[in-house]
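Report on the structure given below.
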Amino acid sequence: MSQPLHTLTAGERILVGGDRVLVVDDALAAAFRPGDRVVAVHDTGDVLRIPAAEHERVGAAVGRAASAFEQLAALDDDRITSFFDDFAALLDDDTAFAPIAAANAADVASARERGRAVGRLTLSATMRADMIAGLRSWRDNPTRRRQLVGVVQHEQWRVEQWRDPLGVVGFVFEGRPNVFADATGVLRTGNTVVFRIGSDALGTARAIMAAAVVPALRSAGLPEGAVQLVDSAAHAAGWALFADTRLSLAVARGSGAAVAQLGAVARQHGVPVSLHGTGGAWMVAAHSAPADEFAAVVRHSLDRKVCNTLNVCCIVRSRAEELLPVFRDAAEAAAAPRGVAPIIHELQPDDPRLAKEWEWDDVPEVAVVVVDDVAHAVEQCNRFSPHFVASLVSADADEHDAFYRAVDAPFVGNGFTRWVDGQFALVQPELGLSNWQGGRLFGRGGVLSGDSVHTVRLRATVTDPQLHR
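Offset between the sequence shown (1-based) and the working numbering: plus 1.
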């Protein structure tokens, strides 16, 4: 018989994964209070404490989003369109944007003081323009809500397949203000969203909510619960969100380890999850690779550090003497605008560091390895990469076809790696890019966008009341 958990005792044993036992340590036992929750993560063996206050804060936000989802069903699409138009207009208005800019400047200054990278945190003029453009693309995007996608006509009845909203989407992501705007795209398909943003950008997120999101929801006549921010810097808030079984989908973006842990929490609670953690692109220079083309795509793949940045470059041995200097020069050209020199790790095949994602802010960091041939490069990529982005520089069309068939990655190209982006490639703001590190995806592409968050419902219309089986 189950009983409420009121205390934890040091030395107490917790069963994990059905075949392991963890022992409660002194720190966990001392920190635990009545009302707290403990999650023993089967995949990692972590024991996570969710304080009662975080659980209640998240539960209230999800409850408001669930109520808003029910209300959205009775509202027309014009109101959703108005929300995106109003949200974009507020971001475009200098007066409305001023408190957001001030909050972001404070977040950036605080992050710098703590030695944190701020490249993705800084809400630059370019990021602001991209946010506005993304919101307006959702405004102009035809609705995918209540969309008839198929009909099966029988003699006495018919079955219709309808694309419909999924529900409440929980979203945990790192300190990137643009993602905050992009992810409201789930409203386009009639879903609602609950955010938990990294502590570095929490001030910016609060300001976006107060100055743009809430006013846009109100002016459009949408329920304010449709977009919820969990106002907490605690990691436990993310755990609590992904453990809430009212979520129809949990989406996580950020560092690989943190995203994997969040995904394990969600799966353990039966919540479908879409993870966007480990990144890093691979590139292969084949025997027929034009040197000038190779130099250009390397340089353009290292312009900034995001998930689709070049991480490992393979050069075939027959061209190594010529192309290694080309690679070094291209990396230096990418770093030059920052006034720095790149960090280049010249590795050997099978080096475990080929699996490492090089994290950098101002100083480009990348690995290069000499391989026997393209097949050897594919073998190394399939073994060590996150199964994400793969690019082949080659003048041989047949070699490109063979590469596409052999490499285990959802995004495959023939040039610079940074094309992998929902807005840039598909003209759709993205919620995240999925790698295949945890296996291939079922039934959808690797770009998770607002209009891909949906379900399919079946509706039967019977014309003969005597129909039976």
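C-beta atoms are modelled at their ideal positions from N, C-alpha and C, and glycine is treated no differently.
- DSSP places C315 in the uninterrupted beta strand (DSSP E) bounded by 311–317.
- S392 is bridged by DSSP to M284, G414.
- The alpha helix (DSSP H) runs of length 4 or more contained entirely in the region 15–64 are, from start to end of the chain, 27–32.
- Annotation: the continuous beta strand (DSSP E) that includes S450 extends over 448–450.
- Distances from the alpha-carbon of T45 to those of A62, L16, A54, R38 put L16 closest.
- Taking 9 Å as the cut-off, the beta carbon of R197 is found closer than this to the beta carbon of L242.
- In this structure, P52 and H7 do not form a Cβ contact; the two beta carbons are roughly 14 Å apart against a cut-off of 8 Å.
- By the neighbour-count criterion, in which 16 or more other beta carbons inside 10 Å mark a residue as buried, D452 falls on the buried side.
- In this structure, P350 places its C-beta atom within 9 Å of the C-beta atom of V371.
- In the three-state DSSP reduction, V109 falls in the helix class (H, G or I).
- Linking D108 to G204 through their CA atoms gives a straight-line distance of about 6 Å.
- In this structure, the CA atom of V379 is about 18 Å from the CA atom of F295.
- For E431, the enclosing beta strand (DSSP E) stretches over residues 431–434.
- Secondary structure of D94 (DSSP, three-state): coil.
- The alpha-carbon of A213 is positioned some 24 Å away from that of P166.
- In this chain, the beta strand (DSSP E) harbouring L149 covers 148–154.
- Beta bridge pairing from DSSP links R159 with Q154, T462.
- Rounded to the nearest angstrom, the Cβ distance from R445 to W163 is 17 Å, too far for a contact under 8 Å.
- Taking 9 Å as the cut-off, the beta carbon of H455 is found closer than this to the beta carbon of R146.
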